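If you use the numbering used here, the sequence shown closes out at 809, no skipped numbers anywhere. Idealized CB from N, CA, C, for every residue including glycine. These numbers come from a predicted model, not from an experiment. The block underneath contains the structure these notes are about, expressed in structure tokens.
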Amino acid sequence: MLLDPQNTLFVHGATPVLLLADAPVHDALPLLTAPDGAVPLCAGWSIVPRLTLCVVDGPGEHGLVVPALAAPVLGGADGAAASSSMADWCADAEQAGGAVVLSLNQLPEALDWSALLSSGTARGGFVPALA
Numbered sequence: 679m680l681l682d683p684q685n686t687l688f689v690h691g692a693t694p695v696l697l698l699a700d701a702p703v704h705d706a707l708p709l710l711t712a713p714d715g716a717v718p719l720c721a722g723w724s725i726v727p728r729l730t731l732c733v734v735d736g737p738g739e740h741g742l743v744v745p746a747l748a749a750p751v752l753g754g755a756d757g758a759a760a761s762s763s764m765a766d767w768c769a770d771a772e773q774a775g776g777a778v779v780l781s782l783n784q785l786p787e788a789l790d791w792s793a794l795l796s797s798g799t800a801r802g803g804f805v806p807a808l809a
């Protein structure tokens with residue numbers, strides 16, 4: 679399933695984050711509970727971060743493709759608004775061995791990580807990268 683890049687936000691950082699809005703895999707991802715900030719592993723899921731396409735693959739027929747080159751990328755997990763490049767995000771994901779994938783009803787106007795991780799409505803977790 680192809681996800682509109684405008685429904686995504688790639689956040690550059692030591693542990694990169696991919697925010698998804700209105701994603702067809704939302705209900706298939708586990709409910710995220712990380713009030714202490716420790717994001718759990720998203721068992722059965724994998725991510726293939728590439729410059730042009732990012733693939734998030736789940737169990738069974740669940741998964742999606744994001745045209746990554748057209749997607750917005752923010753400079754850091756601290757919420758900095760500086761644009762960064764998709765190449766930087768992919769390098770972060772490779773170094774971290776994956777990325778945190780969070781599925782939400784809609785993208786937040788501001789990145790408040792404690793609110794996102796304890797909202798009770800976000801789904802996802804840390805998704806390991808395929809080698």
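Identify, in the order they occur along the chain, each residue of the same chain with its Cβ nearer than 6 Å to the Cβ of residue 700, setting aside the five sequence neighbours on each side. Here residue 700 corresponds to residue number 22 of the sequence shown, with the count starting at 1. Excluding residues within five positions, the ones whose Cβ falls inside 6 Å are 685.
Please name the residue or residues paired with residue 699 in a DSSP beta bridge. Along the sequence shown, one-based indexing puts residue 699 at 21. Its beta-bridge partners are 782.
So for residue 807, helix, strand or coil by DSSP? Taking the sequence shown and counting its residues from 1, the one referred to as residue 807 is at position 129. In this structure, residue 807 counts as strand in the three-state DSSP scheme.
Kindly list the residues whose CB is nearer than 8 Å to the CB of residue 741, restricted to its own chain and excluding five residues on each side of it in sequence; keep chain order. Within the sequence shown, numbered from 1, the residue matching residue 741 stands at position 63. So the list reads 679, 703, 733, 734, 735, once near-sequence residues are dropped.
DSSP-derived helix/strand/coil call for residue 707: By 1-based counting over the sequence shown, the position of residue 707 is 29. Residue 707 falls in the coil class under three-state DSSP.
Can you tell me the Cα-Cα spacing of residue 687 and residue 784, whole angstroms? Along the sequence shown, one-based indexing puts residue 687 at 9. Along the sequence shown, one-based indexing puts residue 784 at 106. Their backbone Cα atoms lie some 11 Å apart in a straight line.
Quick one: measure Cβ to Cβ for residue 745 and residue 731, integer angstroms, because I've assumed they're closer than 8 Å. Along the sequence shown, read from residue 1 onward, the residue named residue 745 stands at position 67. Along the sequence shown, read from residue 1 onward, the residue named residue 731 stands at position 53. So it is a contact: roughly 6 Å between Cβ atoms.
Taking the beta strand (DSSP E) that residue 724 falls in, what are its first and last residues? In the sequence shown, residue 724 corresponds to position 46, counting from 1. Here the beta strand (DSSP E) through residue 724 covers 724-727.
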